[in-house]
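*Asks:* Counting from 675, one number per residue, gives the positions in the sequence shown under our numbering.
We put the beta carbon where it would ideally sit given N, CA and C, even for glycine.
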Amino acid sequence: MSALETRLQALLGRDAVITDRDALTELSSDIFGSNAIAALAIQPRSAERLSEAVAAATEAGFALVPRGGGLSYTGGAVPPHDRCIVVDLRALDRIVTAAEGDPGP
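#1: Sort I705, A727, F706 and D689 by Cα distance to I759 and report the nearest one.
#2: Can you check DSSP and say which residues form a bridge with P740?
#3: Would you call the CB atoms of I705 and D762 closer than 8 angstroms?
#4: Tell me, which residues are paired with G707 by DSSP?
#5: On a Cα-Cα basis, can you pick out the residue from T732, R768 and A712 that is closest to D694?
Right, dumping it as structure tokens:
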């Protein structure tokens, strides 16, 4: 287990860090296939944890590839090399708070 994997598990929980090769193959592909298989995938459950995971991955020299529903037809959700982490955003599926004056999308 790598130091980054251990750190991400501490931040996100063991079940939110994916290392299974078959799962990584699926998460690293779109409708046209894949370029490379990501080193890891993460499934953050809050914006705060996502921010912390991004900082940890960046510090370790990994690129991040966001993945929503996995229906990319452009290769935008496909890792360009194996030193990437796929960020599976499916658990971040709602706005938790919004206040008047907050910047919009």
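*Replies:* Let me lay it out:
#1: Position 85 of the sequence shown, counted from the first residue, corresponds to residue 759. A check of alpha carbon separations from I759 across I705, A727, F706 and D689 identifies A727 as the nearest.
#2: By 1-based counting over the sequence shown, the position of residue 740 is 66. For P740, which the question treats as bridged, DSSP gives the partners V761.
#3: As a position in the sequence shown, residue 705 is number 31, starting the count at 1. As a position in the sequence shown, residue 762 is number 88, starting the count at 1. No; because the gap between Cβ atoms is not below 8 angstroms, this pair is not in contact.
#4: Against the sequence shown, residue 707 aligns to sequence position 33. DSSP output for G707 lists D704 as bridge partner(s).
#5: Numbered from its first residue, the sequence shown carries residue 694 at position 20. Considering only alpha carbons, the answer is A712.
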